[in-house]
Every structure is written in C-alpha cells, then in structure tokens.
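To start, the structure itself, in structure tokens.
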Amino acid sequence: MKLWIVLLAVICTSWLSMVEKLPRITTIQNENKPIGIFREVRFTTEGANRRSYQIFMNELYDALTERADNGGVIPVLPSPLPEPDDHRQYVLVELSNEYQSVKLALNVSDMYIFGYHPGDGDTSYFFDGVEEDVRNALFPDSTVRRDLPYTGMYGSLENYAGVNDRRDIPLGTGELSQHINYMNIITQLDSSTLAKALLVCIQMVSEAVRLRNLQHKILEVADPDADGTYGVYYPDLLMTQYEGAWGKISVAVQSTTNGIFTRPVPLKKSDREFFDLKSVKEVIFIVGIISKKCNERGNVQIFPTSTSASESSSLLPIPMRSTSLESNDDTCEIALAPTSYITGRNGLCVDVYQESYRNGNKIILSKCGQNKASQLWELRMYDNTIRSGGKCLTTTGYNSGSYVMIHDCETAISDATKWEIQSDGAIRNPKSELVLTASEDSWGVINLVVDKNIYASKQAWYASNITKPPVTTIVGYQGLCLLAFQSSVWLELCVSYNIEQQWAIYPDGTIRPPKNQDGCLKYANAGEDVVRVGTCDGGTEERWRFQSDGTILHVVTRKVMDVKDTTAILPEITVNNYNRRNTQIWFQLWIVLLAIIFTSWLSMVEKRPRITTIQNENKPIGIFREYDALTERADKSGVIPVLPSPLPEPDDHRQYVLGELSNEYQSIKLALNVSDVYILGYHLGDSDTSYFFKGVEEDVHSTVRRVLQYSGMYGSLEIYSGVNDRRGIPLGIDQLPQHINYVNIITQLDSGSIARALLVCIQMVSEAVRLRNLQHMELIMKVSRERSLKPSNLQQMESVQDQFV
21 MKLWIVLLAV ICTSWLSMVE KLPRITTIQN ENKPIGIFRE VRFTTEGANR RSYQIFMNEL
81 YDALTERADN GGVIPVLPSP LPEPDDHRQY VLVELSNEYQ SVKLALNVSD MYIFGYHPGD
141 GDTSYFFDGV EEDVRNALFP DSTVRRDLPY TGMYGSLENY AGVNDRRDIP LGTGELSQHI
201 NYMNIITQLD SSTLAKALLV CIQMVSEAVR LRNLQHKILE VADPDADGTY GVYYPDLLMT
261 QYEGAWGKIS VAVQSTTNGI FTRPVPLKKS DREFFDLKSV KEVIFIVGII SKKCNERGNV
321 QIFPTSTSAS ESSSLLPIPM RSTSLESNDD TCEIALAPTS YITGRNGLCV DVYQESYRNG
381 NKIILSKCGQ NKASQLWELR MYDNTIRSGG KCLTTTGYNS GSYVMIHDCE TAISDATKWE
441 IQSDGAIRNP KSELVLTASE DSWGVINLVV DKNIYASKQA WYASNITKPP VTTIVGYQGL
501 CLLAFQSSVW LELCVSYNIE QQWAIYPDGT IRPPKNQDGC LKYANAGEDV VRVGTCDGGT
561 EERWRFQSDG TILHVVTRKV MDVKDTTAIL PEITVNNYNR RNTQIWFQLW IVLLAIIFTS
621 WLSMVEKRPR ITTIQNENKP IGIFREYDAL TERADKSGVI PVLPSPLPEP DDHRQYVLGE
681 LSNEYQSIKL ALNVSDVYIL GYHLGDSDTS YFFKGVEEDV HSTVRRVLQY SGMYGSLEIY
741 SGVNDRRGIP LGIDQLPQHI NYVNIITQLD SGSIARALLV CIQMVSEAVR LRNLQHMELI
801 MKVSRERSLK PSNLQQMESV QDQFV
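Structure representation (structure tokens):
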C-alpha cells in the first residue's frame, strides 16, 4: 500500500511539473454560457533571465501564429473572426512577479492589447474605443468593466504618461516587475504611472514578438546582475520608427513582387539620417509576424514556393522600377513588372554575353556594373517571363544541362520562356521542373543552364539593384557572436567592429567572412559534425537561408544552425532538427545594410587606429611613444621616473603633450598634463572647437572652447556615462574607433556616449602609460582571441597610484 502511495506521489509531482511548463488554457463563458477556451501564455519576472524571456517570446509566437497563414516568408496573422465572443480571436498573457499578477488580452489579428485584468480582482480595464461585445467576451471573472481615458495608440498613452516620447521610458525585466505592481494598486485611471506601465507592457509583449530587433535588445538586459538587479533598455528613434511602421511593413510584404516592395517604407534613424525599406530581405530577420492587409490574389502567383513556411527564404533589397501597377484593394498595390539585376553565385550578375541580343546568344554571370543594360531584367509577373532589352530569358531544352539563351519572346517556344521565382531563391522553369543553375566551363566562364534542383548555392538567386553583399554581426546563444578564425567557427563575447565577428551575406545563400570572401560557412553532414569555413564551390554544403522565426536553415539538410555544446569555453556550431531551442535562435546586427542608407562614418569604420602623433603647441616634436614624450623632463635618477612639477606659465608648451587618436574617417586630439598625465580636454578633427573637463583653468583653454558638464575624475565620468562602475566598459583596440566617432558626431555635452568614450581614452592612454600591467593587457588583446578587456582589480591600481608615488 505504501509503495502505491509513493508511486502516486511521484506521478502527481511529474504531472504538475509538466503542467507548470505548459501555457494554461482559460475557460471563457459569456452570461454563464461557455463558448470555448482562450489560449494563455505566462511570464514571471521572479527569477527571470534571458532564457525564460526567450521561452515566453517563443510560446507567445506559437499562440499567435496558430491560425496564421504560413504560406509566405513571414507568417500573416488571420483576419478577425465574425463573432466577437469567439475565443480563437484572443490570446491572454499573464505577467507576474513574486507578489502580483496582471492579465493582458491580445487581439490575434494584430497583437494589439484590448485591456487588462489585475490579479484576483473583480474589475477589468479596457482602452477607450474597445467595442462592448469584445469587453463582455474578455475576462469572464470580472464583474466590473471600466474604460481607460485613453486609447492604446502611442500618442494617447504618451500624452497621459507625461512624456514627450516613449523613448524616455526604460524597458527591462526589473521595470516590468515594478509596473505589474502599479497596475494592481493604482485605481486612478488617468494616472501617468499607469500609462507608463501600459507602454512598457505593449513594447515588451506585443512589439517584442512582432519585432525581433526589439526582442534582441530586451534579451541583452534580461539576465540579472550579481546583485539581482536588471539592466534597462531605452528604445532609440529607429526602434520606435519600426514600431510605428509595422502596419506599413505588413502592407509592403504582402504587396511584393518577387520580394520587391511596390512602395518603399520610409524610416528615420536620426534627425539627419533617413532611409527606405524596399524589399523583404531588409525585414526578414527583423519582423517576425505581420498582420493581414491585402485580399487574396486569386490566380496571381507571388512568391510561388515548394517549401513550407519554416523553410522559406528572403530576397535582396531592390529599388522598384515598375512598368505598371495593379490595385489589389484599398491599401495594397502590386508592381507587375519591376526591373532589377539578378545576382547569384559569388555575387555576380546575370548578363547577356558580350551585350549581344542576337537570338540564341548565351546568358552568363559576370561582375555587376552600374546600370549595365545587359544585366537589367524586367520581372513580368503577369506572363511569367524575365526580359532584357525586350527579349526573353529562354531555355534551349528541358533536359539537365540545357543552356539558357536570350531570344525573341514572340518566336520562342512559349514554355521555354516561363519562369517562377520561388521563395527559396530558385528560379524554376515549370515545363521542365528544372532550375536556373550557374555552370563554370573549362575557360572559367560561368554559363547559365537548367538543372535538377539539388539546393546548391549555384542555384540560388536574388533580384536586386544593390549588388554588394550586406555585412552583419550574427548574434546567438546568450548574446554571443559568431566568429571565424581560419577554418574554425565558434561563439565568443561580442566586440564592436571586430572584423572576425562580421559576415557578408551573399545572394547565393552563402555566409562569408569579409576577410576571406572566397571562404564560406559549410556543413558537410559528415565527419566531426561541425560548421567550418571552407572554399566556396557552389555546392550544397554552403547554402543557408535566414528565416523570420530567427533560425538559419541549412537548405539541403533542412536542419537549422545550432550550438554544439553550450558548456564549451568556445562553443562550436553544428546543425540540428528544429525544436525551438534557444541555441537555434539568431539575431543580426547590421554593420552595412545598403550603401545608400548611411553616408556618414557608419558605412564602415576602420578597425585599427593609426599611430599616435605627439606634438606640443605650435612646435612639432615628431612621432613618439607616449612614454618618451611624457618623461622628456622627468627626474630619472631613481628607480622609477618622477614627472616634473607644473611650470609657472600655463601657456608653456612643455607642460603639455598632445596625443592624436584617429580611425579612417575621424580624429581627436587629447591634451595631457605632463606633470600627472591627466587629460585636460580634447579637440575634434579639423574643427575650431575644443572641449575641456569641468574645473580646467581658463588660461589653458583654446580660442573656441566649451566646458563639459563633468570633471575628469572617475566618479563624475561614471555618473554621466550611466554605469555604476567603469569595469562594465570594455577596453581594447577594437573599442577605440567607435569612441573616436562618438566624440566627433555627438554635440550633447552631457551625453553618456561621450563620457564612456572619455573613460576609454583615459584608461587606454593615461592609465596605460602609468600602469604597465594595464598596458600589458592591452598588448595581449592585439594577438589573442579575447578582443575586449573589462578592467577588474586594475581599477584599484588606478585609484591608489598616488599612494605608490
């Protein structure tokens, strides 16, 4: 009998453990009449970390896309159901902390939040404008329903929150926990605190599952610090632009022709930087779900595909040149014949050989040229032809190896001129069921033929007017970056502008290190079972596809990129069947998206600063190591040189050393006091303005001068930089270029970026020449795999240096 009791207890415990991990199902009834169950997803801030938030995002994504149209490259949410009390129209999200909870009601068709229900109370709250039938269907345990004085639109919420912009409201696990409390205890409906709480919930729930770039930013601060507190993320202008443009992006994706947006979606990165989203490629790894905006297109095939949604691909960005437009409904227009380059193997362009349009002339791949007529192709969706110079891309036969030519459309066999541009990147001839393939002959010429689809990189194509591959950082498990060194590939701590952590995304589906663009990420599905860099050969091992759910598909194996061993010091990469593990989810941090987007220094920052030029005021003294310049007048009679006392005249050039730091585009000069190696201020490039720390005497200032809001003391700089401790700011050769840029482009004197840049400069210049152990660590970074140093006990050495003297 006791044995049965023990077994029963074990079974119950196991069952409860399983139940705890599954999303709950809430029974919904209206006027005591059950009408079904609502899908419910939960997240608690108690003990939360990066993994638990990622699981929450995955479960919410699954719940919202249960009835979605997965036939395209990005899931499309379903249209609203006719009955407002139909439980399938809603998903409930329960947010909780250690003491309180709140339920949010989400509309499955657009992920907008209708209202919320605090804890175990009997009152629910709804945004202004929510229909009565919807209010009555939601939160059946509520006996009281109250209307909030504002809508769920950002402008209305920001007005009641008392902020000019929601960018002023931080996001993060700790913030969410606090707002859950507020939503339970505040009954004053026009409270600014309540409006702020809803702004945080909307962005950390609805927006984060819509926009993977926002989700990534929240994940970056999702792990608790050693003291149990959480970091915060303040959305920048570009992020809020993406939030506001989600509806327009939904329209654009559904009105695309072969991945080309009919109407570009404009975005604003700053007051001076604007750019347009013009293709599915630019949003495929950013937007996870879209709302349904366009009607069904009948017999028109846009993005015909032979693969499932989980295997669908993206297309390269393309400015659209349309010969005609077809209006699909009130919001959607389809471009019927955009014109673009078609890029393929090794980033080369489909070209009419020798620019000769005689019937039967072959089609080849060649280096892309600017507006080269023989490389421009009209993609005519209404008759499924691809044309250049008014003639058709035509196959000479329906057997494997048949070459492809240019030919008059009217006299060619009709079936030989028909092509489907598929969502997996293939261009398929329907009659033969063969696909366009790049085939190199013995002379090194790459000809186009049709062949059986084996999912090789030589069979992948992109329609685009931007022919250079974009460069990105690929971020994966625990926020680590994908890195290549020679043939090895692993995950490592991310370091800004580390070229070994950057990847060029080629139109043929290959992923290549910028330092070795003849090398491709490859998975051989044999041997040691890891992803490596090998010579690109146009084969199946090197073809990958970025997908809207955050996975990177190895096309031929239908498996996704994964981490082989998360316990390894340098985790290697493999591929596995997709099972929604956190190790299979990836993010992109674009370094270069399009050449036309960023015309400033962001286009590509040089990875190494030049040699430091040292000079005194008006009298060049050559190029020195800083140590020699600073000790020129030092007392060297003892075991350690003693710096000289201050000179009586502040304009005596011998009192200072100027250190110039530069990257490829910008430079700054630091003014060092020879008597203590403290930095007094800095001068921007070729400008006429200098900036000085608070407290620097006026006699030292230059002609045009501005005073910073803080002194050069660590405590003051740390406060303005927004860090509790400078140990959280990495040092290294790879850190300097971005900080040199920040100092040159940011004019806001109390900017945290400026303060952080100065903390890096002080430690890598003044402290490094004072403390040889710090200098030693910086030198190690030049040759080691660890490219970024976070000061730890070195901080103590800095602060007590005077005691050693």
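Here the numbering used here = 1-based position in the sequence shown + 20. Glycine included, each C-beta is placed from N, C-alpha and C at the ideal position.
What is the rounded straight-line gap between the Cα of E646 and the Cα of D557?
In this prediction, E646 has a pLDDT of 40, which is less than 50 and means its spatial position is unreliable; what the coordinates show is noted afterwards. Cα-Cα distance, rounded: 49 angstroms.
Residue-level contact to chain B via CB, A83, 8 angstroms cutoff:
Of the protein chains in the structure, only one exists, and it is not chain B.
Can you give me the Cβ contacts of A834 inside the same chain, cut-off strictly under 7 angstroms, excluding the 5 residues immediately before and after it?
Residue 834 lies beyond the range of the chain shown here (21 to 825); nothing can be said about it.
Look at the Cβ atom of K295, then the Cβ atom of K289, and state whether they are nearer than 8 angstroms.
One detail in the question is off: residue 295 reads as Phe in this sequence, not Lys. Contact flag set, yes.
For A393, does the count of other Cβ atoms within 10 angstroms reach 16, so buried, or fall short, so exposed?
Burial call: exposed.
Who are the near neighbours of E227 in its chain, counting only those whose CB is closer than 7 angstroms to its CB and skipping five residues on each side?
Result list for E227: L234 and E263, in chain order.
Where does V306 sit, in a helix, a strand or coil, going by DSSP?
The sequence given here has Ile at residue 306, not Val. Coil at I306, not helix or strand.
Please classify M733 as buried or exposed, where buried requires at least 16 neighbouring CB atoms within 10 angstroms.
Flag for M733 reads exposed.
Tell me, please, whether the region 499-510 touches the region 451-458 by the rule of three or more beta-carbon pairs shorter than 8 angstroms.
No, they do not touch.
Alpha carbon to alpha carbon, how far is L231 from I310? Give it in angstroms, no decimals.
C-alpha separation (whole angstroms): 10 angstroms.
Contacting residues, own chain, Cβ-Cβ under 8 angstroms from L650 (five flanking each side not counted):
Counting only Cβ-Cβ distances below 8 angstroms, and skipping sequence neighbours, we find L663, V677, L692, V694, V697 and V789.
Which same chain residues, not among the five before or five after N636, have their C-beta less than 8 angstroms away from its C-beta?
With a pLDDT of 37 at N636, under the threshold of 50, the predicted position of this residue should be treated as unreliable, though the coordinate-derived value follows. Excluding positions up to five away in sequence, the list reads H673, R674, Y676, V677 and L678.
Go ahead and label S443 buried or exposed: buried means 16 or more other beta carbons lie within 10 angstroms of its beta carbon, across all protein chains shown.
It counts as buried.
Given D777, which residues of its chain have a CB within under 6 angstroms of its CB, disregarding the five upstream and five downstream residues?
Before going further, note that residue 777 is Ala rather than Asp in the sequence given. These residues qualify, in order along the chain: H759, Y762 and V763.
By alpha-carbon positions, which one of S434, K382, C314 and A446 ends up nearest to G364?
Answer by Cα proximity: A446.
Going by beta carbon distance, what residues of the same chain come within less than 6 angstroms of V724, once the five residues before and after it are set aside?
D708 and T709, listed in sequence order.
Only counting the same chain, and skipping five residues up and downstream in sequence, which positions put a Cβ closer than 8 angstroms to that of G139?
Listed in chain order, the non-local C-beta contacts of G139 below 8 angstroms within the same chain comprise Q120, S121, V122 and N204, local neighbours out to five positions each way being set aside.
Terminal residues of the alpha helix (DSSP H) in which L756 lies
Start and end: L756 to I765.
Give the DSSP bridge partners of S687, in chain order.
Its beta-bridge partners are S682.
Would you call the region 739-755 and the region 508-517 in contact, with 3 or more CB pairs under 8 angstroms?
Flag = yes, the region 739-755 and the region 508-517 touch.
Determine the direct distance from the alpha carbon of G267 to that of A88, and round the result to whole angstroms.
Inter-residue distance for A88 and G267 is about 16 angstroms (C-alpha atoms, whole angstroms).
Relative to the C-alpha of L97, which residue among D569, G248, Y526 and T85 is closest?
It is T85.
I338: buried (16+ other C-beta within 10 angstroms of its C-beta) or exposed?
Bear in mind that the predicted position of I338 carries a pLDDT of just 29, short of 50, making it too unreliable to give a figure here.
Please report how far the alpha carbon of E346 lies from the alpha carbon of Q390, in whole angstroms.
Because E346 carries a pLDDT of 40, less than 50, the predicted location of this residue cannot be relied on, and the following value inherits that uncertainty. Inter-residue distance for E346 and Q390 is about 29 angstroms (C-alpha atoms, whole angstroms).
Just the C-alpha distance for P670 and N744, rounded to the nearest angstrom, thanks.
Taking the straight line joining both Cα atoms gives about 35 angstroms.
Helix, strand or coil: which one does DSSP assign to G748?
Here G748 sits in helix by DSSP.
Does DSSP classify V273 as helix, strand or coil?
V273 carries a helical assignment under DSSP once its states are collapsed to helix, strand and coil.
Compare the beta carbon distance of Y145 and T193 with 8 angstroms and say whether it is the shorter of the two.
Between Y145 and T193, the C-beta spacing is not below 8 angstroms.
Residues in the same chain with beta-carbon distance under 7 angstroms from I384, minus the five sequence neighbours each way, listed in chain order, please.
Excluding residues within five positions, the ones whose Cβ falls inside 7 angstroms are D371, Y373, V465, I466, N467 and L468.
Please go through the same chain and pick out, in chain order, the residues whose beta-carbon is closer than 7 angstroms to the beta-carbon of Y110, but skip the five residues on each side of it.
Result list for Y110: F58, A125, L126, N127, V128 and L158, in chain order.
Would you say A436 and R400 are within 8 angstroms of each other, going by their C-beta atoms?
In this structure, R400 does not lie closer than 8 angstroms to A436 by Cβ.
Mapping the DSSP letters down to three states, classify F159 as helix, strand or coil.
Note: F159 maps to coil in three-state DSSP.
Determine the direct distance from the alpha carbon of A215 to that of I133, and round the result to whole angstroms.
When rounded, the distance between both Cα atoms is 13 angstroms.
What first and last residue would you give for the beta strand (DSSP E) that runs through Q235?
Per DSSP, Q235 is not a residue of any beta strand (DSSP E); the alpha helix (DSSP H) it occupies stretches across R232 to E240.
Exposed or buried, what is R166 when buried is set at 16 or more other beta-carbons lying within 10 Å of its beta-carbon?
Classification for R166: exposed.
Would you call the CB atoms of Y377 and G409 closer than 8 angstroms?
Between Y377 and G409, the gap from beta carbon to beta carbon is short of 8 angstroms.
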